[in-house]
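Structure, as structure tokens:
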Amino acid sequence: MLSVKNLTLAYTNEILKNISFDLRTSNLFALLGPNGSGKTTLLYAIYGIIPDEIECNVDGRISIFGKRPSEFKDKFFMFQDIENELIGPTVMDDVLINAKTEEDAVKALKEMAIYKLRNKDVFEISYGEKLRTLLSAAISSKAKLIILDEPTSSLDFSVAENLFKLLRKMSKERIIIVSTHDTYLAYKYATKVGIIKDRKILFGKELLKKAKQFGLRPLRI
Amino acid sequence: MKLLLFFTLILLLPFFPENALPPLFLVLVAYGILKGYGMPKFILIPSLIISIILFIVSGKTSLLIYPFTSFYTGYLMFVDTSEDEKVWFFSFFFPKETYFIFSKSIKSLKNAVLKTILYHKTRKSNNPVLLLSTIINLIFRKSKTIALTLYARLLQHNLLK
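Protein chains in written order, with this note's numbering: chain A, 160 to 380; chain B, 20 to 180.
Right, here's the structure in full:
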């Protein structure tokens, strides 16, 4: 279980105040909020990048299966800016860094429809293909906690929907947190929805029906 | 003493005719020395070694002076001087506006390198060779973008006709 208790995060000014929530295995948690609302900061704190790598005042407690974020190792993070995240040298090599087995890597590449690119240099593929390479690494890692920061922002709708379908399926055995601006996919596939508003998180899928009030794209089902 | 060194360096300028940049760098080095800026060992030693190797291999005097002076100029521009002086150094060659683009590009390159290191850690890739090759690749790609941006800006200023 992932538990966040009374979490306050602040750089020079306060980003999030007194946040508390729990996520269990089999949760696909969609985190929404306008740009600059603190989604990425919260994801960094859950993963342990804050305060280990980036300075930030953290007050409160985060526990992942009974461990602190820096102690919990079975996890995967996909950053928003993926341009320099690929390691390579080839697409297959990159996925194998995180894949549990080669079979998992092949399966993930096929699911992301980039199996034919497996021997390509990671610096020669397009942005969308890079994104799908990283998503393949995330899927095949089979980590207990997977965090994806705005993975669908540059995907066409059908690939984005396939990804959410896949994440929903994968979430049966793990916790998956996805930050997104896509109200429709969050509404349709997430098991839990949180919207950041004025440094707090409001929970509930039904809130998405009033998405515009929260500065989000209106929900069209 | 510093003044003497300065004029000595100026007098040496005509002996580097193959390339226009080394003499200009030399003036900047002289300026740095006159202003009393030091030369840290981590810049001095590698640049001297590279200079000597290049000189032995090519026999060209300009190659003897070029790495040393360019490293030192780079150090003066980006580490040890005030923003005003950096602008002054840069505008020795280019318009001030170009300096700001260059400076921002260098900062963004530094951020990109730091991010790459973080990404490698996060993905639990413990292969230092891969990390190094990714960083070199990143610097190469970013440098191309920086060079193109600067080139476009210099064209705007009619400096490259």
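Each residue gets a CB set at the ideal place from its N, CA and C atoms; glycine is no exception. Keep in mind it's a predicted model, so treat the numbers as computed, not measured.
Between residue 166 (chain A) and residue 185 (chain A), the C-beta gap is not smaller than 9 Å, which leaves the two residues out of contact. In this structure, the beta-carbon distance from residue 302 (chain A) to residue 233 (chain A) falls below 9 Å. For residue 352 (chain A), the enclosing beta strand (DSSP E) begins and ends at 351-356. At a cut-off of 9 Å between beta-carbon atoms, residue 152 (chain B) makes contact with chain A. Residue 321 (chain A): member of the alpha helix (DSSP H) spanning 316-329, first to last residue. For residue 219 (chain A), the three-state secondary structure derived from DSSP is strand. Assignment of residue 272 (chain A) by DSSP, reduced to helix, strand and coil, places it in the coil class. The C-beta of residue 131 (chain B) comes closer than 9 Å to at least one C-beta of chain A. Excluding sequence positions up to five before and after residue 230 (chain A), its CB lies less than 7 Å from no other CB in the same chain. The residues 202, 206, 236, 336, in chain order, have a CB closer than 6 Å to that of residue 306 (chain A) in the same chain once the five nearest residues on each side in sequence are set aside. The alpha-carbon separation between residue 132 (chain B) and residue 300 (chain A) amounts to approximately 25 Å. No residue range can be given for residue 184 (chain A), since it is assigned to no beta strand (DSSP E) and is classified by DSSP as neither H nor E. CA-CA distance, residue 148 (chain B) to residue 137 (chain B), rounds to 15 Å.
Annotation: residue 278 (chain A) has no Cβ neighbours in chain B at a cutoff of 7 Å; minimum Cβ distance is about 17 Å. Here residue 311 (chain A) carries a coil assignment [DSSP, helix/strand/coil]. Selection B:171, B:160, B:66 evaluated against residue 125 (chain B) yields B:160 as nearest (Cα-Cα).
In the three-state reduction of the DSSP assignment, residue 300 (chain A) falls in the helix class.
In the structure shown, the three-state DSSP call for residue 334 (chain A) is strand.
When the alpha-carbon of residue 213 (chain A) is set against those of A:221, A:204, A:219, A:220, the nearest one is in A:204. Note: residue 262 (chain A) is not bridge-paired with any residue in the DSSP secondary-structure output. Secondary structure of residue 132 (chain B) (DSSP, three-state): helix. Looking at the DSSP output, residue 169 (chain A) shares a beta bridge with A:173, A:216.
If you draw a straight line from the Cα of residue 75 (chain B) to the Cα of residue 339 (chain A), it comes to about 59 Å.
Excluding residues up to 5 positions away in sequence, 373 lie with their Cβ nearer than 6 Å to the Cβ of residue 356 (chain A) in the same chain. Residue 152 (chain B) and residue 135 (chain B) have their alpha carbons spaced roughly 11 Å apart.
Here residue 306 (chain A) is bridged, per DSSP, to A:236, A:336.
DSSP places residue 191 (chain A) in the strand class (E or B) of the three-state scheme. With contacts defined as CB atoms closer than 9 Å, residue 219 (chain A) and residue 265 (chain A) fail to qualify as a contacting pair. The C-beta of residue 258 (chain A) comes no closer than 9 Å to any C-beta of chain B.
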